[in-house]
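**Q** Counting in the working numbering, the sequence shown runs from 2 upward without gaps.
Backbone N, C-alpha and C fix where the C-beta goes; we use that ideal spot for every residue, glycine too.
No experiment lies behind these values; they were computed from the predicted model shown.
Sharing a structure below in structure tokens format, with a few things to ask.
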Amino acid sequence: MPNLTLPGLVDVHTHLRVPGGEHKEDFATGTAAALAGGITTILAMPNTTPPLTTPDILRETRQKAQRAIYCDVGLFAGASPTEIERLPQLAPHVMALKIYLNDTFGPLRVEDLPTLMACFQMWPRTKLIAMHAEGQSVAVGIGLAAAYQRPVHFCHISRKVEIELIAAAKRRGLPITCEVTPHHLFLTEADAARLGPLADMRPKLATLADVEALWGHLETTIDCIATDHAPHTLAEKQSPHPPPGVAGLETSLPLMLTAVAEKRLNLERLIELMATQPRRIFKLPTQPETQVEVDRQVRYTLSNTGLQTKCGWSPFAGMMVTGRVQRVILRAVEVYADGQVTAKVGNGKVIP
Ligand SMILES: [Zn+2]
2 MPNLTLPGLV DVHTHLRVPG GEHKEDFATG TAAALAGGIT TILAMPNTTP
52 PLTTPDILRE TRQKAQRAIY CDVGLFAGAS PTEIERLPQL APHVMALKIY
102 LNDTFGPLRV EDLPTLMACF QMWPRTKLIA MHAEGQSVAV GIGLAAAYQR
152 PVHFCHISRK VEIELIAAAK RRGLPITCEV TPHHLFLTEA DAARLGPLAD
202 MRPKLATLAD VEALWGHLET TIDCIATDHA PHTLAEKQSP HPPPGVAGLE
252 TSLPLMLTAV AEKRLNLERL IELMATQPRR IFKLPTQPET QVEVDRQVRY
302 TLSNTGLQTK CGWSPFAGMM VTGRVQRVIL RAVEVYADGQ VTAKVGNGKV
352 IP
């Protein structure tokens, strides 16, 4: 029996691998994994092959999504130095712009100041700019938010110095927000040493002091939890050049509910971090008659079997958690129950 009902959760940072990486994940398996994690709206990242940097590729990707998705999906446009002039034409197709200032999976990157300034000048003010910024790149993002007086969202903040800088900037009233991932809250560099490529992602796992700093800012500076669900096949992870990234859609809520059970977080704050605030920051449409039914008492071990994600493995396998999604209702229709997706294909909406 469910003993907790949550609103439909939001994940503003997923990699659904369409186009070009469909052997790792696709719109159907990625949105099925979202529902299994109690997530009914996801925003998909643009570092695909080819990347989501032109109106044509965005139009085509939206059509592919509409035929396959089980929950609501919005896309990010990617900032590419060769396509800056066309940024305003991308905006109607997406929820936000993503700028990569640091190395990650794929070639999308903006490394020079003139291009960064052009992004801030060209991108419509009605839509958010999100940044992959690590270390001193966070200061660059804060500087741009201040100079152009517009909101900037920092993805997957993972280090003590970064969260402290963001806290200082917020105290000055700058219009910035940030997310953290469950893997940066629940794993450290010791897990990276233990798991090797299976716990390699960008930003890399950090020290215990970094992890403790993130927990210390969870009630204050941190605006939302995002998974950075970035699936790769086991064969790719075991290859001589393993790509960075781990799956996260199905484990995010159980991990955060475990923190609630252990009194490291209260339930009201979990709902703010995983539903209310990401929806507000990215101006996502509401989903009427939508809810997630949870057994918040059940204790079990996370496993690689029975996952909806196509990659079929999790860096959290073997961890004991408390809390499991039982049923998901999206717009008054049951879409997930007892480990199975019950939605019709294409049931989700592409937003906006
Ligand atoms: Zn990412």
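Cβ of Met46 versus every heavy atom of ligand 1: is any distance shorter than 6 Å?
**A** Position 45 of the sequence shown, counted from the first residue, corresponds to residue 46. Yes, the beta carbon of Met46 sits closer than 6 Å to at least one heavy atom of ligand 1.
**Q** Where do the N-terminal and C-terminal ends of the alpha helix (DSSP H) with Asp113 fall, by residue?
**A** Mapped onto the sequence shown, residue 113 falls at position 112. Counting along the chain, Asp113 falls outside any alpha helix (DSSP H), and DSSP gives it neither H nor E.
**Q** At the level of alpha carbons, what is the spacing between Asn48 and Gly107?
**A** Here residue 48 refers to the residue found at position 47 of the sequence shown. Here residue 107 refers to the residue found at position 106 of the sequence shown. Spanning the two alpha carbons is a distance of roughly 6 Å.
**Q** Measure the Cβ-Cβ separation of Ala248 and His230 and say whether it is below 7 Å.
**A** By 1-based counting over the sequence shown, the position of residue 248 is 247. By 1-based counting over the sequence shown, the position of residue 230 is 229. In this structure, His230 lies closer than 7 Å to Ala248 by Cβ.
**Q** Please report the Cβ distance between Leu10 and Met275, rounded to the nearest whole angstrom; I am assuming they are in contact, meaning their Cβ atoms lie under 8 Å.
**A** Position 9 of the sequence shown, counted from the first residue, corresponds to residue 10. Position 274 of the sequence shown, counted from the first residue, corresponds to residue 275. Yes, they are in contact, since the Cβ atoms of Leu10 and Met275 sit about 5 Å apart, within 8 Å.
**Q** With contact counted as at least three CB pairs below 8 Å, one residue from each stretch, are the stretch 185-196 and the stretch 295-308 in contact?
**A** At 8 Å Cβ cutoff, the stretches do not touch.
**Q** Note down, in chain order, each residue of its chain lying with its Cβ closer than 8 Å to the Cβ of Pro56, except the 5 sequence neighbours on either side.
**A** Residue mapping note: residue 56 aligns to position 55 of the sequence shown, counting from 1. Arg87, Gln90, Leu91 and His94.
**Q** For ligand 3, is there any heavy atom lying closer than 6 Å to the beta carbon of Asp201?
**A** For ligand 3, the structure offers nothing, since it holds only ligand 1.
**Q** Do you know how far the Cα of Ile85 is from the Cα of Ala262?
**A** Mapped onto the sequence shown, residue 262 falls at position 261. Mapped onto the sequence shown, residue 85 falls at position 84. Straight-line Cα distance between these residues: approximately 47 Å.
**Q** For Pro232, does the count of other Cβ atoms within 10 angstroms reach 16, so buried, or fall short, so exposed?
**A** Here residue 232 corresponds to residue number 231 of the sequence shown, with the count starting at 1. That one is buried.
**Q** Return the CA-CA distance between Ala214 and Cys72, expressed in angstroms with no decimal places.
**A** Position 213 of the sequence shown, counting from 1, holds the residue named residue 214. Position 71 of the sequence shown, counting from 1, holds the residue named residue 72. Between Ala214 and Cys72, the C-alpha separation is close to 33 Å.
**Q** Rank Asp192, Leu266 and Arg281 by C-alpha distance to the C-alpha of Leu219 and give the top, closest one.
**A** Position 218 of the sequence shown, counting from 1, holds the residue named residue 219. Closest option to Leu219, Cα to Cα, is Leu266.
**Q** The beta strand (DSSP E) with Arg60 in it runs from where to where?
**A** Taking the first residue of the sequence shown as position 1, residue 60 is located at position 59. Looking at the DSSP string, Arg60 is not in any beta strand (DSSP E); the run it does join, the alpha helix (DSSP H), is Pro56 to Ala69.
**Q** With C-beta atoms as the reference, is Val326 less than 7 Å away from Gly31?
**A** Against the sequence shown, residue 326 aligns to sequence position 325. Against the sequence shown, residue 31 aligns to sequence position 30. Their beta carbons are not under 7 Å apart, which means Val326 does not touch Gly31 by this criterion.
**Q** Is there a Cβ of chain C sitting closer than 7 Å to that of Met320, yes or no?
**A** In summary, chain C is missing from the structure at hand, where a single protein chain is found.
**Q** In its own chain, which residues sit with a C-beta less than 7 Å from the C-beta of Gly22, not counting the 5 before and 5 after it?
**A** Walking along the sequence shown from the start, residue 22 turns up at place 21. Closer than 7 Å at Cβ, skipping near neighbours: Thr49 and Thr50.
**Q** Can you give me the C-alpha to C-alpha distance between Val13 and Ala78, rounded to a whole angstrom?
**A** Sequence index remark: in the sequence shown, residue 13 carries index 12 (1-based). Sequence index remark: in the sequence shown, residue 78 carries index 77 (1-based). One C-alpha to the other measures close to 13 Å.
**Q** So if DSSP puts Gly337 in a beta bridge, which residue, or which two residues, is it bridged to?
**A** To locate residue 337, count along the sequence shown from 1; it is residue 336. The identity of residue 337 in the sequence shown is Tyr, whereas the question assumes Gly. Partner(s): Val329 and Val342.
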